[in-house]
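Notes follow once the structure below has been shown.
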DNA sequence: GCGCTGAGACCGACCAGTCGGTCTGTTCAT
DNA sequence: ATGAACAGACCGACTGGTCGGTCTCAGCGC
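Written out as structure tokens, the structure is:
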């Protein structure tokens with residue numbers, strides 16, 4: 006991110022993001038990326054070792070961005086419950102800001118076979134553990150009911166994914182509308198009282 | 006369905022389910038299916054028009070099974086809230102019974118490019134609308150709080166998916182444990198009172 | 001001239017789908 | 001009953017095309 010960054014490399018990446026997001030991994034050929042970036046195969050293979058690495062690089066880039074944003078924002082909050090709420094908000098904001106990367110991360114990186122699958126699960130699990138950790142804190146602080154936080158974390162992750170995926174696909178529902186809805190639903194799901202939900206919603 | 010069904014066709018389908026579930030669409034060649042089914046390319050193309058049709062056929066088959074089971078079970082329940090709860094249970098049971106097909110449906114059918122994408126979304130939406138419809142009924146019957154049922158339906162669908170996907174991948178958490186956890190979380194998420202959740206859990 | 005960047009022709013592997021042919025089982029005229 | 005005629009399931013070598021990746025060479029700044 007980024008000095009002026011010699012622009013061949015960046016053009017290649019831009020074209021790759023566009024194509025991968027639009028058509029997926031297997032339906033994007035290196036030739037497509039070359040055409041869109043007005044470069045050449047030589048340039049592509051000079052800057053990157055393989056098509057696969059370009060793709061995984063983008064996935065990692067997005068995961069990194071999201072994780073960093075989450076950690077920064079969470080660190081500023083004091084109670085478990087607020088952290089959890091913040092994490093939700095940051096997720097939505099980040100998915101919105103990086104729509105194309107989000108689509109690659111959430112959709113195009115799925116179902117690519119055993120090789121990719123493991124990495125994909127690993128990243129996914131990192132986020133789930135993060136959610137679970139803060140849910141556990143909130144339980145200990147007595148802010149939410151004692152629950153199976155592992156299942157709850159999965160449910161949260163899945164719920165967020167699904168809403169974002171629908172939005173990425175169709176542009177509907179807009180995140181500004183989805184966020185309050187999701188907030189209500191997810192905060193309720195862990196047994197937070199109605200008053201507190203309303204407090205949190207006004208942040 | 007139907008008669009004893011000459012077993013070449015069935016062997017091909019069995020092999021296809023196995024391979025597609027394991028390695029995904031693009032990493033499964035027709036030659037792989039041939040090898041596993043101890044048939045021949047000729048046989049495959051005698052029984053099916055294309056690799057794509059085999060895959061989509063499996064996706065449709067699973068969607069059909071799930072939809073049928075849901076409709077049958079839901080029809081027997083009387084209140085919206087019980088219908089919603091039943092739908093959740095049936096989903097988990099069906100995913101469990103048809104683990105391989107479920108993996109194809111939930112994972113391998115994602116990110117296959119524009120051609121597949123539309124169909125995939127359409128099926129997904131059918132289920133989401135079904136959830137939403139019964140949530141709406143429950144709202145009208147006063148069983149659950151008035152909420153954004155569309156968002157809630159997405160959240161439910163995503164939550165269920167995520168838990169099942171994790172289970173399909175790693176075998177953990179077992180559905181017997183996941184179901185009560187999910188039940189609690191999801192029923193809470195739409196504002197059902199604690200007593201009623203406990204009633205529903207004992208069915 | 002030398003090293004870095006980029007161009008694009010080319011290579012080899014792979015793969016979905018085809019097609020001529022075989023093989024098994026059934027029908028029916030004798 | 002038998003064997004000729006046929007049907008349709010099945011076989012697998014082959015084709016046409018695609019695509020990731022390599023290689024050679026050209027431009028250019030130093």
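Residue numbers (our numbering), protein chains in the order written: chain G, 6 to 208; chain V, 6 to 208. A virtual CB, placed ideally from N, CA and C, is assigned to each residue, including glycine. Note that the coordinates shown come from a computational prediction; the quantities given were computed from them, not determined experimentally.
| task | Kindly indicate which three-state DSSP category residue 14 of chain V falls into: helix, strand or coil? | result | Locating residue 14 of chain V in the second chain gives position 9, counting from the first residue. Note: residue 14 of chain V maps to helix in three-state DSSP.
| request: With 7 Å as the threshold, decide whether the Cβ of residue 156 of chain G is near any Cβ in chain V. | output: Here residue 156 of chain G refers to the residue found at position 151 when the first chain is read from its first residue. By this cut-off, residue 156 of chain G is an interface position.
| Quick one, which residues of the region 15-33 of chain V are near chain G if we go by CB-CB under 8 Å, in chain order? | 27, 28, 29, 30, 31 and 32
| task | Whole angstroms is fine: what's the gap from residue 114 of chain V's alpha carbon to residue 122 of chain V's? | result | Indexing the second chain from 1 puts residue 114 of chain V at position 109. Indexing the second chain from 1 puts residue 122 of chain V at position 117. Residue 114 of chain V and residue 122 of chain V: Cα-Cα distance of roughly 8 Å.
| query | Whose C-beta lies closer than 8 Å to the C-beta of residue 164 of chain G among residues of the same chain, with five residues either side of it excluded? | reply | Looking up residue 164 of chain G in the first chain gives position 159. Cβ neighbours of residue 164 of chain G beyond the five flanking positions: 187, 190 and 191.
| said: Cβ closer than 7 Å: which chain V residues qualify as neighbours of residue 113 of chain G? | reply: Within the first chain, residue 113 of chain G is the residue found at index 108, counting from 1. Those within 7 Å of residue 113 of chain G in chain V are 116.
| task | Taking 7 Å as the cut-off, decide whether the C-beta atoms of residue 99 of chain V and residue 71 of chain V are in contact. | result | Position 94 of the second chain, counted from the first residue, corresponds to residue 99 of chain V. Position 66 of the second chain, counted from the first residue, corresponds to residue 71 of chain V. In this structure, residue 71 of chain V lies closer than 7 Å to residue 99 of chain V by Cβ.
| message | Between the alpha carbons of residue 38 of chain G and residue 21 of chain G, how many angstroms are there, rounded? | response | Within the first chain, residue 38 of chain G is the residue found at index 33, counting from 1. Within the first chain, residue 21 of chain G is the residue found at index 16, counting from 1. For residue 38 of chain G and residue 21 of chain G, the distance between alpha carbons rounds to 6 Å.
| query | Within 7 Å (strictly less), CB to CB, does residue 166 of chain G reach chain V? | reply | Against the first chain, residue 166 of chain G aligns to sequence position 161. Judged by the 7 Å Cβ criterion, residue 166 of chain G is in contact with chain V.
| So residue 29 of chain V is in the alpha helix (DSSP H); what residue range does that whole segment cover? | Here residue 29 of chain V refers to the residue found at position 24 of the second chain. It is not in any alpha helix (DSSP H) - residue 29 of chain V carries neither H nor E in the DSSP assignment.
| request: Specify the secondary structure class of residue 191 of chain V as computed by DSSP and reduced to three states. | output: Numbered from 1 along the second chain, position 186 holds the residue referred to as residue 191 of chain V. DSSP places residue 191 of chain V in helix when its eight states are reduced to three.
| 8 Å Cβ cut-off: residues of chain G touching residue 152 of chain V | To locate residue 152 of chain V, count along the second chain from 1; it is residue 147. Under a criterion of Cβ atoms nearer than 8 Å, the residues of chain G adjacent to residue 152 of chain V are, in order, 186, 189 and 190.
| Contacts around residue 83 of chain G, its chain only, beta-carbon distance under 7 Å, and the 5 residues preceding and following it disregarded | As a first step, residue 83 of chain G must be located in the first chain, where it is residue number 78. Cβ within range, chain order: n/a, list empty.
| DSSP-derived helix/strand/coil call for residue 60 of chain G | Taking the first chain and counting its residues from 1, one reaches residue 60 of chain G at position 55. Residue state, collapsed to three classes: helix.
| said: Cutting at 6 Å between CB atoms, please list the residues of its own chain near residue 14 of chain V, excluding the five before and the five after it. | reply: For the purposes of this step, residue 14 of chain V is taken as residue 9 along the second chain, with counting starting at 1. Once the five neighbours on either side are set aside, the close Cβ partners of residue 14 of chain V are 52.
| Hey, is residue 197 of chain V's beta-carbon within less than 7 Å of any beta-carbon in chain G? | The residue given as residue 197 of chain V occupies position 192 in the second chain. Chain G, which has no Cβ nearer than 7 Å to the Cβ of residue 197 of chain V, makes this no.
| task | Would you list, in chain order, the members of the region 126-137 of chain G that have their beta-carbon closer than 9 Å to a beta-carbon of chain V? | result | 126, 129, 130 and 133
| said: Does the region 152-161 of chain G come into contact with the region 65-79 of chain V, if we say contact requires no fewer than three beta-carbon pairs (one atom in each stretch) closer than 8 Å? | reply: Touching, no, given that fewer than three Cβ pairs across the two stretches are closer than 8 Å.
| said: For residue 167 of chain G, count the other beta carbons within 10 Å of its own beta carbon; 16 or more makes it buried, fewer makes it exposed. Which is it? | reply: Your numbering for residue 167 of chain G matches position 162 in the first chain. Flag for residue 167 of chain G reads buried.
| If you drop the 5 nearest sequence neighbours on each side, which residues of the same chain put their C-beta closer than 6 Å to that of residue 74 of chain V? | One-based indexing of the second chain puts residue 74 of chain V at position 69. If we look at residue 74 of chain V and ignore the five residues flanking it on each side, its Cβ neighbours are 95 and 99.
| said: Quick check: the region 198-208 of chain V against the region 171-179 of chain V, are at least 3 beta-carbon pairs closer than 8 Å? | reply: no
| said: Taking the alpha helix (DSSP H) that residue 145 of chain G belongs to, which residues open and close that run? | reply: Your numbering for residue 145 of chain G matches position 140 in the first chain. Taken as a continuous stretch (DSSP letters only), the alpha helix (DSSP H) holding residue 145 of chain G covers 119-145.
| request: Please classify residue 206 of chain G: does DSSP put it in a helix, a strand, or coil? | output: Taking the first residue of the first chain as position 1, residue 206 of chain G is located at position 201. In the structure shown, residue 206 of chain G sits in a helix (DSSP, three-state: H, G or I).
| request: Whole angstroms is fine: what's the gap from residue 138 of chain V's alpha carbon to residue 162 of chain G's? | output: Residue numbering aside, residue 138 of chain V sits at position 133 when the second chain is read from its first letter. Residue numbering aside, residue 162 of chain G sits at position 157 when the first chain is read from its first letter. Answer to the nearest angstrom: the Cα atoms are 23 Å apart.
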